[in-house]
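A short write-up of the structure that comes next.
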Amino acid sequence: MPSGIGVIAEHPFIAGRSTFSFAQSEWFIKAKESHHVVMGTPYISGVNGVLLMPMAKSIRDNNGDVLGILAAPIYLNSPGFMDYIFDENHRQQGDVLVVSRDDAIFVASSDPAVLLKPITFLAEHKFYDAAMSGFNGFDKLTLSSGDKMLNAAADINNPNWFVVVRAPIETVYKRLNDNFYSAIVNGVLVSLVALLTITFTLYLFFIPLRKTAKSVKKMIENPDTLAHIDIYKNDEIGRLIKGFNLLIDIVNERNTNLIIANAALESLSQTDGLTGIANRRYFDETLRHAWRVQTRNQQPLTLLLIDIDDFKKYNDTYGHIAGDDCLKNVTQAIKTSVNRPTDFFARYGGEEFVILLQGNMKEGTIVAEKARVAVSKLQIEHRSSSYKHLTISLGIASVIPNVNRDPFELIKKADKGLYQSKAHGKNRYEVVHDD
């Protein structure tokens, strides 16, 4: 969690971590402040006494805000990694030490007394100061005890560590005296093998982490494509990736639910609750869009404004429940006259409806007559109407849009035609031509 309290997913599961706070942990703070993989200062676990180094990477959204922290412990003395450094048998020939430049401490050592101590802990710390500045090579040193030591340093590029092999000069000279050439060859080979083994082991060890970090970066840059990360082997890193993949599944499921919910909300915002067709808000948006399209195409846009004749009297006579049923039936009847994919049918308000056609006046009159006849055929009783059944009146207007005109002028013209239909006896349509 970004707050550092609790664990969302982990492997293996450790009881009590769901409420444990990592907020003050050095690696957690560094990970929140960085966009890259960070390594914490090595320490000895208070749980199992194992020497480990935490690694972490922040997971961020498009705005760069932290969504969570992906973390894993690296057991420095685990078999096949750097465990041979801690082998007591090697101390008879000399010491091997691994130093972190960032923390200026010994992160691995064949001498337990030196482990996790600062480089100033040893008398020859000036040699380590030089190695901290990038020195690679050999040097002779005399300890405060009078013992003379031969130290050799070599870099490990990633992470920012270096390895030091040290041995008493007396031991080295004795081996040289016993067999000068073989001692040199063996000494160099041992040093090289040690350095190469550690370097190569570290390189192999960090390959899955680098690939994982690369995959996480891609997902951060494109959150729409959250996908599982490949698991290379069933070790600590593999189990960590497995836990991360479980987190990806949770995020994807939540995103899917959010998309479905947003789609449902958008549909509700565009639909008339009673009739189930488009509402006034959706019609206004569609009119503006169609106006822009026909402006580019320089093709006519035709609008039919429809009103149920004497609907107030119908409500007064039969009641509002019957009025609602009437609106639903009229909607379905008019809908049969709107057949093309580009035709748009909406409830304009109250007992008024609107049909928007990407076509000319002639096409508008054909649709208007179909709608009028369809409603008339319903034969819905209306005792207060001069026709004794429910009818509709329509006003039709058609224009070729341009950028200098307001699209809502089309509604005003159609409304004028509707007024004329009412004045001329209802149950008809009237057209209003463009000026």
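Take the sequence shown: its letter number 163 is residue 163 in my numbering, and every next letter is one higher.
In this text, a Cβ means the ideal position worked out from N, Cα and C, and glycines have one as well.
Three-state secondary structure (DSSP) of V190: Taking the sequence shown and counting its residues from 1, the one referred to as residue 190 is at position 190. In the three-state DSSP reduction, V190 falls in the helix class (H, G or I).
- request: Leaving out five residues on either side along the sequence, give the residues of the same chain with a beta carbon under 8 Å from the beta carbon of L52.
  value: Locating residue 52 in the sequence shown gives position 52, where the first residue counts as 1. The answer, listed in chain order, is P42, Y43, I44, S45, P73, I74, Y75, L76.
message: Can you tell me whether S269 is buried or exposed? The criterion is at least 16 other CB atoms within 10 Å of its CB, across all chains shown.
response: Your numbering for residue 269 matches position 269 in the sequence shown. That one is exposed.
query: If you draw a straight line from the alpha carbon of T470 to that of I229, how long is it in whole angstroms?
result: Lying before the first or after the last residue shown, residue 470 is absent from the chain, which here runs from 1 to 435.
- prompt: Taking buried to mean at least 16 other C-beta atoms within 10 Å of its own C-beta, is K218 buried or exposed?
  reply: The residue labelled residue 218 in the question sits at position 218 within the sequence shown. With fewer than 16 Cβ atoms within 10 Å of its Cβ, K218 is classed as exposed.
task: Please say whether S100 and N157 have beta carbons closer to each other than 9 Å?
output: One-based indexing of the sequence shown puts residue 157 at position 157. One-based indexing of the sequence shown puts residue 100 at position 100. Their beta carbons are not under 9 Å apart, which means N157 does not touch S100 by this criterion.
Presumed contact (8 Å Cβ cut-off) between E352 and D307, rounded CB distance: Here residue 352 corresponds to residue number 352 of the sequence shown, with the count starting at 1. Here residue 307 corresponds to residue number 307 of the sequence shown, with the count starting at 1. Contact flag correct, Cβ pair sits at about 5 Å.
message: Restricting to Cα atoms, I'd like to know which of I248, R292, V293 is closest to E10.
response: The residue given as residue 10 occupies position 10 in the sequence shown. Nearest option by C-alpha distance: I248.
query: With distances taken from CA atoms, which of L304, C326, M361, G359 is nearest I411?
result: As a working mapping, residue 411 is identified with position 411 in the sequence shown. Looking at the Cα atoms, L304 is the closest of the given residues.
task: Measure the alpha-carbon distance for E430 versus E363 and round it to whole angstroms.
output: The residue given as residue 430 occupies position 430 in the sequence shown. The residue given as residue 363 occupies position 363 in the sequence shown. Using only the alpha carbons, I get a separation of about 14 Å.
task: Take V50 and list the residues in its own chain whose beta-carbon comes closer than 6 Å to its own, dropping the five residues that flank it on each side.
output: Taking the first residue of the sequence shown as position 1, residue 50 is located at position 50. Within the same chain, V50 has close Cβ partners Y75.
message: Only counting the same chain, and skipping five residues up and downstream in sequence, which positions put a Cβ closer than 7 Å to that of I169?
response: Taking the sequence shown and counting its residues from 1, the one referred to as residue 169 is at position 169. Answer for I169: K140, K148, M149, L150, listed in chain order.
message: Taking the straight line between their C-alpha atoms, what separation do you get for S34 and G64?
response: Within the sequence shown, the letter at position 34 stands for residue 34. Within the sequence shown, the letter at position 64 stands for residue 64. The C-alpha of S34 lies about 11 Å from the C-alpha of G64.
query: From M361 to T271, what does the alpha carbon distance come to, in whole angstroms?
result: For the purposes of this step, residue 361 is taken as residue 361 along the sequence shown, with counting starting at 1. For the purposes of this step, residue 271 is taken as residue 271 along the sequence shown, with counting starting at 1. Straight-line Cα distance between these residues: approximately 27 Å.
Pairwise C-alpha distance: S191 and V185: Here residue 185 refers to the residue found at position 185 of the sequence shown. Here residue 191 refers to the residue found at position 191 of the sequence shown. Those two C-alpha atoms are separated by around 10 Å.
- prompt: Once you ignore the five residues that flank D155 on each side, which residues in its own chain have a CB closer than 7 Å to its CB?
  reply: Locating residue 155 in the sequence shown gives position 155, where the first residue counts as 1. Correct list, in chain order: N136, F162.
- prompt: Considering only the beta carbon of each residue, do Q358 and P407 sit closer than 9 Å?
  reply: To locate residue 358, count along the sequence shown from 1; it is residue 358. To locate residue 407, count along the sequence shown from 1; it is residue 407. No. Outside cutoff.
- prompt: So, helix, strand or coil for G425, using DSSP?
  reply: Translated into positions along the sequence shown, residue 425 becomes position 425. Here G425 sits in coil by DSSP.
message: What does the Cβ neighbour count give for I207, buried or exposed, with the cut at 16 atoms within 10 Å?
response: Here residue 207 is taken as the residue at index 207 of the sequence shown, counted from 1. That one is exposed.
query: Given 8 Å as the limit, is there contact between the stretch 368-379 and the stretch 329-346, that is, 3 or more CB pairs closer than that?
result: Verdict: yes, contact present.
- prompt: Considering only C-alpha positions, which residue in the set H382, N279, K377 is nearest to G323?
  reply: Here residue 323 is taken as the residue at index 323 of the sequence shown, counted from 1. Nearest option by C-alpha distance: H382.
field: Simplified DSSP assignment, three categories, for K388
entry: For this step, residue 388 is matched to residue 388 along the sequence shown. In the structure shown, the three-state DSSP call for K388 is coil.
query: Using 8 Å as the threshold, is the stretch 388-395 in touch with the stretch 288-295, meaning 3 or more CB pairs across them?
result: Contact fails: fewer than three Cβ-Cβ distances are below 8 Å.
Candidates G349, T317, D325, I366, of which the one nearest D284 by Cα: Residue 284 sits at position 284 when you count from the first residue of the sequence shown. Nearest Cα to D284 within the set G349, T317, D325, I366: G349.
message: Please list the terminal residues of the continuous alpha helix (DSSP H) segment that includes G323.
response: Looking up residue 323 in the sequence shown gives position 323. From DSSP, the alpha helix (DSSP H) with G323 extends over 320-335.
field: Identified DSSP bridge partners for E430
entry: Within the sequence shown, numbered from 1, the residue matching residue 430 stands at position 430. Per DSSP, G395.
field: Contact check, I396 vs A414, beta carbons under 9 Å
entry: Taking the first residue of the sequence shown as position 1, residue 396 is located at position 396. Taking the first residue of the sequence shown as position 1, residue 414 is located at position 414. Taking a C-beta distance under 9 Å as the contact criterion, I396 and A414 qualify as a contact pair.
query: Considering only C-alpha positions, which residue in the set Q298, A131, P2, N279 is nearest to A346?
result: Numbered from its first residue, the sequence shown carries residue 346 at position 346. Measuring from the Cα of A346, the nearest candidate turns out to be N279.
- prompt: According to the neighbour-count rule (16 or more other Cβ atoms, all chains shown, within 10 Å of its Cβ), is P341 buried or exposed?
  reply: If you number the sequence shown from 1, residue 341 lands on position 341. Label assigned to P341: exposed.
- prompt: In whole angstroms, what is the alpha-carbon distance linking F138 and A113?
  reply: One-based indexing of the sequence shown puts residue 138 at position 138. One-based indexing of the sequence shown puts residue 113 at position 113. Straight-line Cα distance between these residues: approximately 23 Å.
query: Looking at the structure shown, is G238 part of a helix, part of a strand, or coil, going by DSSP?
result: In the sequence shown, residue 238 corresponds to position 238, counting from 1. Reduced to three states, the DSSP call for G238 is helix.
field: Closest residue to I282 among V172, F344, F106, F22 (Cα-Cα distance)
entry: Your numbering for residue 282 matches position 282 in the sequence shown. First, the residue type needs correcting, since residue 282 is Tyr and not Ile in the sequence shown. Ranking the options by Cα distance to Y282, first place goes to F344.
task: Put I277 into one of helix, strand or coil per three-state DSSP.
output: Translated into positions along the sequence shown, residue 277 becomes position 277. DSSP places I277 in coil when its eight states are reduced to three.
message: According to DSSP, simplified to helix, strand and coil, what is T271?
response: Translated into positions along the sequence shown, residue 271 becomes position 271. T271 falls in the strand class under three-state DSSP.
- request: Within 10 angstroms of the Cβ of N402, are there 16 or more other Cβ atoms? Answer buried if so, exposed if not.
  value: Counting from 1 along the sequence shown, the entry for residue 402 is found at position 402. Looking at its Cβ environment, which holds fewer than 16 other Cβ atoms inside 10 Å, N402 is exposed.
task: For the beta strand (DSSP E) holding V375, just list the boundary residues, first then last.
output: Residue 375 sits at position 375 when you count from the first residue of the sequence shown. First-last for V375: 361-376, but that is the alpha helix (DSSP H), not the beta strand (DSSP E).
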